[in-house]
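Colleague:
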Amino acid sequence: MKSKSKALRNIVVFGSILVPFAITLLLSLSLVLIGVLPQVVSQWSSAHFLIQVSTQASVFLLYVALMVRFVKVDLYYWGGNINPMELILAIFGWVLVSMLITALVEFIGLDTEQFLEIDFDSLKPTWILFAIATTIIAPIYEEVTYRGFLLKFFVGKKKPGVWRQVFAAIFTSLIFALVHESQAWLPVFILSLYLSALTLYKKSIMLSIIIHSMQNFITVIGIFFID
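Under the working numbering, residue 228 is the last one in the sequence shown; the count climbs by one each step, no gaps.
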């Protein structure tokens, strides 16, 4: 009976991740209907993106907080000390992963063009607002949700074996890649695997937040100042 109730609880907890997605969608539609956000993404300003990402972050962080408070789920938090060598190695690993992604994408011939519907030329005067949304707010709430909550959920409370951790990293990364709804799903998936590995190594999401933020910052700089 205890195992059945635990299985039912796990199903409820996992299924509940759909709730913040639904709420975010409804809030986004509401913001469009009341005129806060334009209907067409190509008409969005940097401030609109900041509003959208801030709304998503608020909903998902509140959801995770409620799960911790009332359902007693465990998280990988952002605590713990990071020594300089760990940070250097994490950055070095990220560079290697980025090189692997680039080589793999070129070998497959995968089109990874992102944000085709966004007019970045019009956003350039206020690019800093776009950068705040994508390099600070998004990495924090996404790492709390996917690595902090979901990855820990799949790993479990007890000391997990290697294969359970591998499964948890793969499944979390699949969800993360699918949610991004981008042609760049493969690079996103591989990067997510690396972020999951950092989290599992440190039992903390601090390194994954830093690397995620750096990845998004490089992307923003490339979009606005290099492409």
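In this text, a Cβ means the ideal position worked out from N, Cα and C, and glycines have one as well.
1) Quick test of your reading: residue 153 and residue 76, contact by CB under 8 angstroms. State the CB separation rounded to the nearest angstrom.
2) Give me the Cα-Cα distance between residue 125 and residue 47, rounded to the nearest whole angstrom.
3) Going by CA-CA distance only, name the one from 88, 81, 43, 25 that's closest to residue 59.
4) Since residue 140 is in the alpha helix (DSSP H), which residue starts that stretch and which ends it?
5) Could you pull out every residue in the same chain whose Cβ sits closer than 8 angstroms to the Cβ of residue 89, ignoring the five residues on either side in sequence?
6) Under the three-state reduction of DSSP, which class applies to residue 53: helix, strand or coil?
7) Taking the alpha-carbon positions, what's the residue 187 to residue 178 distance?
8) Hey, residue 14 and residue 72 are a contact pair by Cβ (cut 8 angstroms); roughly how many whole angstroms apart?
9) For residue 202, which of helix, strand or coil comes out of DSSP?
10) Give the DSSP-derived three-state secondary structure of residue 79 in the structure shown.
11) Buried or exposed for residue 221, please, with buried defined as at least 16 other CB atoms from any protein chain shown within 10 angstroms of its CB.
12) For residue 27, count the other beta carbons within 10 Å of its own beta carbon; 16 or more makes it buried, fewer makes it exposed. Which is it?
13) Please name the residue, chosen from 190, 119, 214, 84, that lies closest to residue 224 on a Cα-to-Cα basis.
Modeller: Short version:
1) Between residue 153 and residue 76, the beta carbon gap of about 6 angstroms places them in contact (Cβ cut-off 8 angstroms).
2) Answer to the nearest angstrom: the Cα atoms are 9 angstroms apart.
3) Checking every option, the nearest Cα to that of residue 59 belongs to 25.
4) Start and end: 139 to 143.
5) No residues qualify anywhere along the chain.
6) Residue state, collapsed to three classes: helix.
7) Distance between the alpha carbons of residue 187 and residue 178 is about 7 angstroms.
8) Yes, they are in contact, since the Cβ atoms of residue 14 and residue 72 sit about 6 angstroms apart, within 8 angstroms.
9) In this structure, residue 202 counts as helix in the three-state DSSP scheme.
10) In this structure, residue 79 counts as coil in the three-state DSSP scheme.
11) Classification for residue 221: buried.
12) With fewer than 16 other Cβ atoms inside 10 Å of its own Cβ, residue 27 counts as exposed.
13) For residue 224, the nearest C-alpha among the options comes from 119.
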